[in-house]
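Visitor:
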Amino acid sequence: MVSYKQLGLVNTKEMFARAINGGYAIPAFNFNNMEQLQAIIKASADLKSPVILQVSAGARKYANQTLLQYMAQGAVEYAKELGCAHPEIALHLDHGNSFELCKSCVDMGFSSVMIDGSALPYEENIALTKKVVEYAHQFDVTVEGELGVLAGVEDDVVAAESHYTKPEEVIDFVSRTGVDSLAISIGTSHGAYKFTPEQCTRDPKTGKLVPPPLAFDVLDAIMVKLPGFPIVLHGSSSVPQEYVDMINEYGGKLPDAVGIPEEQLRKASKSAVCKINIDSDSRLAFTAAVRKTLAEKPGEFDPRKYCGPARDEMEKMYKHKITEVLGSDNKLAQL
Ligand code: G3H
Ligand code: 13P
Ligand code: ZN
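Following our numbering, the numbering of the sequence shown begins with 2 at its first residue and continues without gaps.
Right, dumping it as structure tokens:
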């Protein structure tokens, strides 16, 4: 058993409380490799932002769970080396799907876990989430639960109300489970293809796809039911057109990729939404930069020569999100 406190990590309780009061959101960036982690830490340490390092079950499998744990420990020291004397870094399990997986993460030094029972019948979601909370809270580990199902391109109607979190359920769910934060569905979705062209309109001037707006009325209704309670948005990559264009220009194929406009995330950040999940934008930045370098320098075979520019591009993207979208820069408790 390793406590996250021994690793220099923090749970999400205080950072969320400050984010809600301050009208900004904490970035939750997924990582699977060293370059992503370096870019996340460089961006957040330079900008004095609290940050959540997210690890999915797939990332654990890809990178090795023990290695990830030590990487997170190393990340704290790296942030200090970068001049951030008191970094606030949480290590969070993203989309945990079983009690066993959540327990294993708690036992290995994660400071926060998500139990995603959103696909289960309501009562089963409650029972599973409660079990995880009861275990995690013994070790001061915070827990994120989820209610509602994120829409995706497979749906005929992207904004089908049945997908959205039902405001009338949130008080019951939160009080019976004891979760510390709640992921909700208001129209975001995972990946680089969040909406089909049919689900969008087209900007008559640019011809670009314009996705349907997020359901801020549902968010408002949830905030009325749970005043001051931390809300989480998944599927919040904006799928920057510049990266999609770069990938397509250098041999990739991402037709009609579309994300959540940053303007809407900016608005959400000012509300009780205090954690915003971004993974796909990092994948796009990395892939765009690697494709460009390899296309321009076909003789290059040193991974540092193409992973280095990819890391720089991700850092630029993370910094943009922190300062221009989430507003979490200069928000460490001790600057
Ligand atoms: O929400 C899912 C995250 O983007 C993680 O994706 O399961 O492919 O690692 P992954
Ligand atoms: P994106 O695919 O929009 O980056 O969402 C990531 C996410 O929600 C991770 O849990
Ligand atoms: Zn997610």
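Quick reminder that beta carbons are idealized off the backbone N, C-alpha and C, glycines included.
Keep in mind it's a predicted model, so treat the numbers as computed, not measured.
#1: Taking the alpha carbon of Val274 as the reference point, which residue from Leu295, Tyr251, Val56, Phe230 has its own alpha carbon closest?
#2: Report the CB separation of Val219 from Ile172 in whole angstroms; it is logged as a contact under 8 Å.
#3: Hey, which unbroken runs of the alpha helix (DSSP H) at 4 residues or more fall wholly within the region 40–93?
#4: If we require 4 or more residues per run, which alpha helix (DSSP H) segments fall completely within the region 112–150?
#5: Run through DSSP, which three-state label would Leu234 get?
#6: Using a Cβ-Cβ cutoff of less than 8 Å, which residues in the same chain neighbour Ala216 once the five nearest sequence positions on both sides are dropped?
#7: Within the present structure, is the beta-carbon of Ser269 separated from the nearest heavy atom of ligand 1 by less than 7 Å?
#8: Restricting to Cα atoms, I'd like to know which of Val180, Ser45, Lys6 is closest to Gln70.
#9: Check the DSSP bridge columns for Asn98 and list the partner residues they point to.
#10: Please report the distance separating the alpha-carbon of Met224 from that of Glu147.
#11: Run through the DSSP bridge pairs and tell me what Asn278 is partnered with.
#12: Hey, Thr144 and Val134: beta-carbon distance below 8 Å or not?
#13: Rounded to the nearest angstrom, what separates Val158 and Leu48 at their Cα positions?
#14: Can you tell me whether His235 sits near ligand 3, meaning its C-beta is under 7 Å from at least one heavy atom of the ligand?
#15: CA-CA distance, Gly84 and Ala64?
#16: For Glu170 and Ser190, I'd like the C-alpha separation in whole angstroms.
#17: Who does Ser182 pair with in a DSSP beta bridge?
#18: Between Ser4 and Leu68, what straight-line distance do the alpha-carbon atoms span, to the nearest angstrom?
#19: Less than 7 Å separating the Cβ of Asp47 from some heavy atom of ligand 3?
#20: Please determine, among Ala80, Ser238, Pro88, Ile41, the residue with the shortest C-alpha to C-alpha distance to Ala334.
#21: Considering only the beta carbon of each residue, do Leu92 and Ala73 sit closer than 8 Å?
#22: Less than 8 Å between the C-beta atoms of Ala193 and Leu94, yes or no?
#23: Looking only at its own chain, which residues have a Cβ that is under 7 Å from the Cβ of Pro310, when we skip the five neighbours before and after it?
#24: I want to check one thing, is the minimum distance from the CB of His96 to the heavy atoms of ligand 3 below 7 Å?
#25: Measure the alpha-carbon distance for Ala58 versus Asp204 and round it to whole angstroms.
#26: Going by alpha carbons, who is nearest to Phe196 out of Asp181, Tyr136, Pro213, Glu125?
Guide: If we stick to the structure as given:
#1: Phe230
#2: Not a contact, Cβ separation roughly 15 Å.
#3: If we require 4 residues or more, the alpha helix (DSSP H) runs fully inside the region 40–93 come out as 58–64, 66–82.
#4: 123–138
#5: strand
#6: Ala160, Tyr165, Ile187, Gly188
#7: For clarity, residue 269 is Ala in the given sequence; the question names Ser instead. No, the Cβ of Ala269 stays beyond 7 Å of every heavy atom of ligand 1.
#8: Lys6
#9: Assignment of beta-bridge partners to Asn98 by DSSP yields no partner.
#10: 15 Å
#11: Within the DSSP bridge table, the entry for Asn278 names Ala29 as partners.
#12: The identity of residue 144 in the sequence shown is Val, whereas the question assumes Thr. Yes, Cβ-Cβ distance for Val144 and Val134 is below 8 Å.
#13: Any reading at Val158 is ruled out, since the residue's pLDDT is 47, under 50, leaving its predicted position unreliable.
#14: Relative to ligand 3, the beta carbon of His235 is positioned inside 7 Å of a heavy atom.
#15: 28 Å
#16: 21 Å
#17: Glu145
#18: Distance between the alpha carbons of Ser4 and Leu68: 16 Å.
#19: no
#20: Pro88
#21: The answer is yes: Cβ separation under 8 Å.
#22: No, the Cβ-Cβ distance between Ala193 and Leu94 is not below 8 Å.
#23: Ala290, Thr294
#24: yes
#25: 38 Å
#26: Pro213
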